[in-house]
Each structure stands twice: as structure tokens, then as C-alpha cells.
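Report on the structure given below.
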Amino acid sequence: MLAKLLPLLLLLFGLAAGAGAGILLRPETESAQAESPAMHGADHAASVPEAPVASEIVKLNNQFVIPLVAKDRITALMVLSLSVETAAGRTSEIYDREPKLRDVLLQALFNHANRGGFDGEFTKARNMDVLRLALAEAASEVLGDAILGILITEIARQDI
Numbered sequence: 013m014l015a016k017l018l019p020l021l022l023l024l025f026g027l028a029a030g031a032g033a034g035i036l037l038r039p040e041t042e043s044a045q046a047e048s049p050a051m052h053g054a055d056h057a058a059s060v061p062e063a064p065v066a067s068e069i070v071k072l073n074n075q076f077v078i079p080l081v082a083k084d085r086i087t088a089l090m091v092l093s094l095s096v097e098t099a100a101g102r103t104s105e106i107y108d109r110e111p112k113l114r115d116v117l118l119q120a121l122f123n124h125a126n127r128g129g130f131d132g133e134f135t136k137a138r139n140m141d142v143l144r145l146a147l148a149e150a151a152s153e154v155l156g157d158a159i160l161g162i163l164i165t166e167i168a169r170q171d172i
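Position 116 of the sequence shown, counting from 1, maps to 128 under the numbering used here, and the rest follow consecutively.
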């Protein structure tokens, strides 16, 4: 009798465990994230956003082409267009340092490709955030506080 009930019990246990994991691991909604500071006793003043800093967007002149290599062969090419967000009035710094900036951005893109960052669903928000962070860190090595962020304005993968 127990042998007949065991598969049913395992099925019910698996369903319950899967539902529980889904509930616990689901992402927070925007309203829950907005309420979160108030729920933790944070000051209202701490949740007030700072005034935006005046910024400019500087489009880098040429695209970046990154080969994707597997088993010692190029299997695809990634083509990206990047722009740099900088504080207002600092555009000339970006253009003056562009060769060095392109070098460190290209190295960051190669590192991302070698870690498998352009495999599978490479445009998922989490993957793009990781890439933007790596690019911003690399750019800050060259530009210091002139960099406010990196914008990925175009991205494409061409399998070979």
C-alpha cells in the first residue's frame, strides 16, 4: 500500500517545495522596493532623491567589435556602440583621452566575452548591468570623476 502512495507523496512534496521556492525567490515589485526604506525605519529625508547633476552624453566615434572564441575558433562577433555620460562641460576631456579610454573599454569587453558574458541571453537586465558596471569601472581608471556612466547604445551578435 505504501509503495503505491510513495510516488503521489513525492509529487505533492515536490510541488509544495517548488511553490515555496518560487514565492521566496521572486523579485520584489517596484512598490515593495519603494516602501522598503519606510518599513525599515529610515528617515524620510534619506529617501528623497538628490538633485540631478547636469550631464552630457559623449558618443564614442567608432563601434567596438569583439570576437567570441570557442575551441580556438571565432564563433561570433559582438558589435557595440558606446557613449559616455559625463558632467556638463567635461566633454573635451573625453575626446582628449579617447584612445586610452577605448583601450580600457575594449579590454573590459574582452574580459566580459572570455567570462561568457555574451553567451546565451546576453541582453538580460542582470547581464547588461554587469557589463555596464565593468565598463564604468574601466572608464573611471582613465577619466576619474569625469565619468558618470556608460551607455550601451547599440549591441548586436553575428554568429559565424
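Beta carbons: idealized from backbone N, C-alpha and C, even for Gly.
- Query: Do you know how far the Cα of L37 is from the Cα of L27?
  - Reply: Rounded to the nearest angstrom, the two C-alpha atoms are 15 Å apart.
- Message: Quick check: the Cα distance between I86 and I172, rounded to an integer number of angstroms?
- Response: Rounded to whole angstroms, I86 to I172 spans 7 Å at the Cα level.
- Message: Tell me the DSSP secondary structure of R85 in three-state form.
- Response: R85 falls in the strand class under three-state DSSP.
- Message: Helix, strand or coil for I172? Go by DSSP, reduced to three states.
- Response: It is coil, neither helix nor strand.
- Item | Straight-line Cα distance separating L24 from G30 | Taking the straight line from one Cα to the other gives about 10 Å.
- Closest Cα partner of L121 within the set S67, I164 and L20: L121 has its Cα closest to that of I164, out of S67, I164 and L20.
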